[in-house]
Each structure stands twice: as structure tokens, then as C-alpha cells.
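> In our numbering, the protein residues as written are 121 to 396.
Where is the CB? At the ideal position from N, CA and C, for every residue including glycine.
What you are looking at is a predicted structure, and each value in this text was computed from that prediction instead of being measured.
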Amino acid sequence: MTTEALAPSRRAGWIDSVRQPTRETLALSRRAVLGTARLPQAWFPSLFFPLVLMAIFSGSFGQAPGNIPGFPEVASFLDFAVAGAIIQGILIGGTTAGSAFAIDMERGFFDRLVASPARRGSILAGRLMGSVTLGVIGALLFLGIAAIFGARVAAGFVGILLVVLMAGILAAAVGGLGIYLALRTRSSEAVQGAFPLFFALLFFSSAFFPRETMDGWFRVVADLNPISYLAEGMRAPIVDGFDWPTILIGLGIAIGLAVIAIAAAALAFRRRLGTG
């Protein structure tokens with residue numbers, strides 16, 4: 121058989137080697153998204169609590185812009201609070217993703233997937249893609265609801281894309297962390313018990329109030345907290361427009377967290393497969 125005759129078969133084999141894992145990943149991602157959508161107790165907290173907190177802060181500190189020294193010039197406090205609400209929703213959603221993965225392990229579904237012809241990497245990638253999809257949907261919902269009550273994105277459509285991009289990357293990071301905890305503990309209760317610790321990072325940051333208005337030890341903690349720079353990078357397209365230094369720092373923080381979390385999840389995944 122000539123080289124010319126072998127070329128089409130090789131090309132078809134390469135296409136199949138890419139197409140099959142993609143189908144498996146999309147199928148598992150769809151399962152993760154639909155599984156969350158079908159359970160109100162899974163998605164309701166990640167939507168309800170951030171919206172309530174955003175409403176409380178907007179009502180309590182609505183006069184802060186222009187009256188508190190150091191507070192940035194914004195049309196309303198609602199514009200300032202949207203980024204914090206998006207991050208809070210993603211953190212709560214990460215708890216759901218990690219718990220769902222642990223439940224799959226407890227019920228034996230994970231072992232059935234491993235024993236199936238599905239690629240091992242698709243199992244991890246499918247759950248991560250599901251987390252990213254839910255994070256993007258959540259960010260769009262928060263932006264849409266805030267827009268109904270008068271919030272505006274200074275950078276326009278491109279700014280919305282930047283916010284959604286950072287939200288998706290952060291969702292991958294939080295989802296990876298949830299999977300890592302699930303693989304290490306093999307318990308949904310342990311995953312749920314660990315995540316409240318990470319909410320402290322959110323409230324000891326500039327997610328809901330600017331660092332310029334802080335002082336003392338709280339300012340020191342906020343300066344050292346990577347969530348502060350992530351929140352500021354996500355907020356910049358909304359309140360400042362194209363503040364590229366702040367946006368790129370926030371994007372870099374999100375990517376760094378995602379790389380670390382996904383790498384840790386992949387390592388725990390390999391160890392889990394090695395130990396059975």
C-alpha cells in the first residue's frame with residue numbers, strides 16, 4: 121500500500137482520536153450541568169445568597185460613592201458590588217461541583233466510569249467543563265439582573281466578555297479545588313465542610329469594599345489576599361472601562377489559581393486511579 125493510500129486512513133484515525141474524547145467530555149459536562157439544574161438545592165444558594173448580599177450592601181452603602189474618601193467614582197454602589205457577587209456565586213457553585221464528584225465516588229458511578237471505555241482524562245475534563253459552564257451562566261445572570269436595576273458596564277460588550285472570561289477561569293479553579301478535595305476525602309460532607317474556610321478569603325478582600333478605605337490589619341490582609349486583585353480585575357471593566365493593568369493582574373491571578381487547582385486535581389486523580 122502506497123503512502124498516498126495510507127494518508128486518508130491516518131487522517132481519519134487522528135480525527136477519531138480527537139473526536140471521541142471530545143464527545144465524552146461534552147457528554148459528562150452536560151451531565152454535570154443538567155444534574156445541577158435539576159436540583160434547586162444545588163443552584164439556588166449560588167444565586168440567592170449573592171443577590172441578597174449585593175442588595176443589602178447596595179442599600180446600606182448606596183451613598184458611599186462620592187462621600188467616603190478613597191472610594192472610586194462609580195455611578196452607583198451596585199456597579200461596584202457586582203464583581204463580588206459573581207465571585208461569591210462561583211465559590212458556592214464550587215461546593216456543589218466538589219460535592220457532586222464526591223457523591224459519584226460514594227455511589228460507585230466514578231468506578232463505573234473508570235471501568236468503562238471512556239478516556240480517563242474525559243472524566244476529569246467533563247466535570248471541570250461543567251463547572252466552567254455554570255460559572256459563565258452565573259456571571260451572565262448576575263450581570264443581567266444588575267443591569268435591570270441600573271448597573272452598567274463601562275467597557276461595553278468587550279467588558280462583559282472580559283468579566284465572563286475571568287468568571288469562567290475562576291470557576292475552573294474552584295471546580296478543580298472541589299475535585300481535589302473530593303478525591304482526597306472521598307466524602308461529600310468533608311467537601312462541604314471545607315469550603316466555608318475559603319469564604320473567609322472573600323470577606324477579607326476588596327470584593328465588596330475598596331482597599332483604599334481600609335486600614336490596620338484588615339488592609340494588610342486584603343493587600344496579601346489574591347481574591348482582592350481578582351475582584352478588582354473583574355470590577356475594572358464594569359466601573360473603569362479598559363483599565364488594562366488592573367484587568368491583566370486579575371486575569372493572571374485567575375489563571376494562576378486555575379493552573380494550581382487543576383494540576384492538584386489531576387495529580388489526585390492519577391493517584392486515585394493508581395490505588396483503585
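According to DSSP, is Met354 part of a helix, a strand, or is it coil?
Within the sequence shown, the letter at position 234 stands for residue 354. The answer is helix: DSSP assigns Met354 an H, G or I state.
> Just verifying my parser: in three-state terms, what is the DSSP assignment at Val194?
On the sequence shown, position 74 is the one that residue 194 refers to. Coil, per DSSP.
> Between the C-alpha atoms of Thr145 and Thr305, what's the straight-line distance to the nearest angstrom?
In the sequence shown, residue 145 corresponds to position 25, counting from 1. In the sequence shown, residue 305 corresponds to position 185, counting from 1. Rounded to the nearest angstrom, the two C-alpha atoms are 24 Å apart.
> With Thr253 as the anchor, note down where its alpha helix (DSSP H) starts and where it stops.
Here residue 253 corresponds to residue number 133 of the sequence shown, with the count starting at 1. 240 to 268 is the span of the alpha helix (DSSP H), which, as asked, contains Thr253.
> What distance in whole Å lies between the Cβ atoms of Val256 and Ala220, which are believed to be in contact at a cut-off of 8 Å?
By one-based count along the sequence shown, residue 220 stands at place 100. By one-based count along the sequence shown, residue 256 stands at place 136. Contact doesn't hold; Cβ gap of about 18 Å is too wide.
> Leu159: which of Pro141, Ile382, Ile280, Thr216 sits nearest, CA to CA?
Here the question's residue 159 lines up with position 39 in the sequence shown. The option with the nearest alpha carbon to Leu159 is Thr216.
> Between the stretch 263 to 282 and the stretch 355 to 366, do at least 3 Cβ pairs fall closer than 8 Å?
With a cut-off of 8 Å, the stretch 355 to 366 and the stretch 263 to 282 count as touching, because enough Cβ pairs lie within range.
> Identify whether Arg390 lies in helix, strand or coil by the three-state DSSP scheme.
Counting from 1 along the sequence shown, the entry for residue 390 is found at position 270. Three-state result, Arg390: helix.
> Taking all protein chains shown into account, decide if Ser178 is buried (16 or more other Cβ within 10 angstroms of its Cβ) or exposed.
Walking along the sequence shown from the start, residue 178 turns up at place 58. Buried: at least 16 other Cβ atoms inside 10 Å.
> Could you say if the stretch 292 to 307 and the stretch 221 to 237 meet the contact criterion of at least three C-beta pairs nearer than 8 Å?
Touching, yes.
> Taking its Cβ as the centre, do 16 or more other Cβ atoms sit within 10 Å of Thr156, making it buried, or is it exposed?
Here residue 156 refers to the residue found at position 36 of the sequence shown. Label assigned to Thr156: buried.
> Can you grab the Cα-Cα spacing for the pair Ile207 / Glu352, in whole Å?
In the sequence shown, counting from the first residue as 1, residue 207 sits at position 87. In the sequence shown, counting from the first residue as 1, residue 352 sits at position 232. For Ile207 and Glu352, the distance between alpha carbons rounds to 11 Å.
> Tell me the rounded alpha-carbon separation between Val172 and Gly209.
Taking the sequence shown and counting its residues from 1, one reaches residue 172 at position 52. Taking the sequence shown and counting its residues from 1, one reaches residue 209 at position 89. So the two alpha carbons sit approximately 11 Å from each other.
> Determine contact between the stretch 284 to 299 and the stretch 252 to 269, defined as no fewer than three beta-carbon pairs at a distance below 8 Å.
In short, these stretches touch, since the Cβ pair count reaches three.
> By DSSP, does Leu285 sit in helix, in strand, or in coil?
Numbered from its first residue, the sequence shown carries residue 285 at position 165. Residue state, collapsed to three classes: helix.
> Whole angstroms is fine: what's the gap from Ile375's alpha carbon to Val283's?
Here residue 375 corresponds to residue number 255 of the sequence shown, with the count starting at 1. Here residue 283 corresponds to residue number 163 of the sequence shown, with the count starting at 1. Going from the Cα of Ile375 to the Cα of Val283 covers about 13 Å.
> Taking the CB atoms as reference points, tell me whether Val311 and Leu321 lie closer together than 8 Å.
Residue numbering aside, residue 311 sits at position 191 when the sequence shown is read from its first letter. Residue numbering aside, residue 321 sits at position 201 when the sequence shown is read from its first letter. Going by C-beta atoms, Val311 is not nearer than 8 Å to Leu321.
> Just checking my contact of Leu148 with Ile243 at CB under 8 Å: how many whole Å lie between their CB atoms?
Here the question's residue 148 lines up with position 28 in the sequence shown. Here the question's residue 243 lines up with position 123 in the sequence shown. Right, the Cβ-Cβ distance comes to about 7 Å (below 8 Å), so this counts as a contact.
> Check Phe181 in the structure and name its three-state DSSP category.
Against the sequence shown, residue 181 aligns to sequence position 61. Three-state result, Phe181: coil.
> Residue range of the alpha helix (DSSP H) that Val311 falls in?
For the purposes of this step, residue 311 is taken as residue 191 along the sequence shown, with counting starting at 1. Segment 308 to 323, the alpha helix (DSSP H) holding Val311.
> At which residues does the alpha helix (DSSP H) containing Leu233 begin and terminate?
Sequence index remark: in the sequence shown, residue 233 carries index 113 (1-based). Per DSSP, Leu233 belongs to the alpha helix (DSSP H) from 229 to 235.
> Using a Cβ-Cβ cutoff of less than 7 Å, which residues in the same chain neighbour Phe328 once the five nearest sequence positions on both sides are dropped?
The residue labelled residue 328 in the question sits at position 208 within the sequence shown. Around Phe328: Phe177, Ala201, Gly204.
> Under three-state DSSP, which class holds Arg272?
On the sequence shown, residue 272 is found 152 positions in, with the first residue counted as 1. Residue state, collapsed to three classes: coil.
> Counting C-beta neighbours from all protein chains within 10 Å, is the total for Ala383 16 or more, i.e. buried, or is it exposed?
Walking along the sequence shown from the start, residue 383 turns up at place 263. Ala383 comes out exposed.
> Using the Cβ count rule (16 or more neighbours within 10 Å means buried), how would you classify Val273?
Against the sequence shown, residue 273 aligns to sequence position 153. Buried, because 16 or more other Cβ atoms sit within 10 Å of the Cβ of Val273.
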